[in-house]
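Heads up: the sequence shown begins at 1 in the UniProt record's numbering, then just goes up one per residue. So the structure is just underneath, and the comments pick up after that.
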Amino acid sequence: MQDQAGGQCLALYPDKPIYDIPGIVRCTGRELTQNLLRQITPFSPGFHFNQQVNTLDRQSDGRWHVTTSADNQTGQQFLTRTLFIAAGVGAFVPKTLKIDGLGPFLGRQLAYHPKQLAGYAGQRVVVVGGEEDAVAAAIALAQPGPGQAGQVTLLHRREVLQADTSALAELAALRASGQLQFQAGQITAIQTEGERLCGLVINTPDDQTLSLPLDALLVYQGLSPKLGPVAQWGLTMSQKQLNVSPETLATSESGIYAVGDVVTYPGKKKLIVCGFHEATLAAFAAARVIKPQDSGVLQYTTSSALLQQRLGVFSEISV
């Protein structure tokens, strides 16, 4: 489940450069997402975030009944003649710490990849991770102000951190001022007082053992894909990928199409540019299902007044 559009581009490399999009010399995953969202704005798409599609059931009239869930509760229901699956390599879920006894503190003192950092003012916070998200969270928590944590420690298994130079410079400045500490090492155990998590036992790179007190533990150890319910929908698959027609991107069930990293067909290449091509073919195939009476004449944005009007650029081009 995602709380925003962007898929893998936003989940895995939001701030890393992409160099293989035709016509765009360089852009980040975040910039590509923003540009694509801006481009489709004239069509007023509807979004339903933080939901997982659970079931697909064929109805007697040929439509598909789709049910979703949100936070383990009943979500929404949809009826549709066509459905597109663009699940990538799966839903991205946080990598968890495998430490005995830590599980019960989830949602209380333990959080994985939290986006909101309010509520930690005055607390001793340990941030686990060595990449951009962890560095950014540690910096945000250590910033002077009413929401500043009482003590911030960034914990990573080794000394080297992976973040852009400006973030690393800001981190270094906060460390120099004493507002933020860094500790290299691995968590080997937790410490508790009653029903509260109160500390971590750390094994350092030089094989020393130390105790790290805390009130809150925020973990940013990256994300891993989980295919989820897709595998239970009765669609033909090969090695966790959906078999599709290379001409239409149709799956083994009529009306259901799939594009991107979740599909396989002869000659398949896992590139963003190929995903654009697949989505185009799938859209044309679905249009023939929805409006079989239409001629399907291909129109071009450079010359089609209808497309230009829908894009809101007709007057601009016709001047």
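Note that CB positions come from ideal geometry on N, CA and C, so glycine has one too.
N- and C-terminal bounds of the alpha helix (DSSP H) containing Gly-275
Here residue 275 is taken as the residue at index 275 of the sequence shown, counted from 1. Gly-275 -> alpha helix (DSSP H) spans 272 to 290.
Inter-residue CB distance, Gly-88 and Gln-39 (contact presumed, cutoff 8 Å):
Against the sequence shown, residue 88 aligns to sequence position 88. Against the sequence shown, residue 39 aligns to sequence position 39. Not confirmed; about 20 Å, so no contact.
When DSSP labels each residue in this structure, what does Thr-302 get in the three-state scheme?
Your numbering for residue 302 matches position 302 in the sequence shown. In the structure shown, Thr-302 sits in coil (DSSP, three-state: anything other than H, G, I, E or B).
Would you check if the distance between the CB atom of Ala-138 and the CB atom of Val-127 is smaller than 7 Å?
On the sequence shown, position 138 is the one that residue 138 refers to. On the sequence shown, position 127 is the one that residue 127 refers to. Yes, the pair counts as a contact, with Cβ atoms nearer than the cut-off.
In whole angstroms, what is the alpha-carbon distance linking Asn-243 and Pro-266?
Here residue 243 refers to the residue found at position 243 when the sequence shown is read from its first residue. Here residue 266 refers to the residue found at position 266 when the sequence shown is read from its first residue. C-alpha separation (whole angstroms): 10 Å.
Who are Trp-64's beta bridge partners in DSSP?
Along the sequence shown, one-based indexing puts residue 64 at 64. Answer by DSSP bridge pairing, in chain order: Arg-58 and Thr-80.
CB-CB under 8 Å to Gln-52, same chain, minus the five flanking residues each way: which ones, in chain order?
Along the sequence shown, read from residue 1 onward, the residue named residue 52 stands at position 52. Excluding positions up to five away in sequence, the list reads Met-1, Thr-68, Ser-69, Ala-70, Gly-75, Ala-91, Gly-228 and Pro-229.
I need the straight-line Cα distance from Pro-205 to Gln-186, nearest angstrom please.
Translated into the one-based positions of the sequence shown, residue 205 becomes position 205. Translated into the one-based positions of the sequence shown, residue 186 becomes position 186. Computed Cα separation, rounded: 8 Å.
If Tyr-300 and Ala-282 are in contact, beta carbons under 8 Å, what's the gap, nearest whole angstrom?
Position 300 of the sequence shown, counted from the first residue, corresponds to residue 300. Position 282 of the sequence shown, counted from the first residue, corresponds to residue 282. Going by Cβ atoms, the distance from Tyr-300 to Ala-282 rounds to 19 Å, so no, they are not a contact pair.
Should Arg-158 and Ala-184 be called a contact, given that it needs their Cβ atoms to be closer than 7 Å?
For the purposes of this step, residue 158 is taken as residue 158 along the sequence shown, with counting starting at 1. For the purposes of this step, residue 184 is taken as residue 184 along the sequence shown, with counting starting at 1. It is a contact, given that the beta carbons lie within the stated cut-off.
Through-space distance from Val-66 to residue 362, alpha-carbon basis
The first residue shown for the chain is 1 and the last is 319, placing residue 362 beyond what the model contains.
Test item: CB-CB of Glu-278 and Val-259 under 7 Å
Translated into the one-based positions of the sequence shown, residue 278 becomes position 278. Translated into the one-based positions of the sequence shown, residue 259 becomes position 259. Cβ atoms of Glu-278 and Val-259: closer than 7 Å.
Distance CB(Asp-15)-CB(Thr-28) smaller than 7 Å:
For this step, residue 15 is matched to residue 15 along the sequence shown. For this step, residue 28 is matched to residue 28 along the sequence shown. Yes. Within cutoff.
Can you confirm whether the region 279 to 298 touches the region 93 to 112 when touching is taken to mean that 3 or more C-beta pairs between the two stretches lie within less than 8 Å?
no
Note down, in chain order, each residue of its chain lying with its Cβ closer than 7 Å to the Cβ of Leu-10, except the 5 sequence neighbours on either side.
Residue mapping note: residue 10 aligns to position 10 of the sequence shown, counting from 1. Closer than 7 Å at the Cβ level, and outside the excluded window around Leu-10, lie Gln-4, Gly-29, Arg-30 and Thr-33.
In chain order, what residues of the same chain have a beta carbon less than 6 Å from the beta carbon of Gln-151, not counting five sequence neighbours either side?
Indexing the sequence shown from 1 puts residue 151 at position 151. Within the same chain, Gln-151 has close Cβ partners Arg-124.
Just to confirm the assignment: which complete beta strand (DSSP E) runs, minimum length 3, are found wholly within the region 218 to 259?
223 to 226, 241 to 243 and 256 to 258
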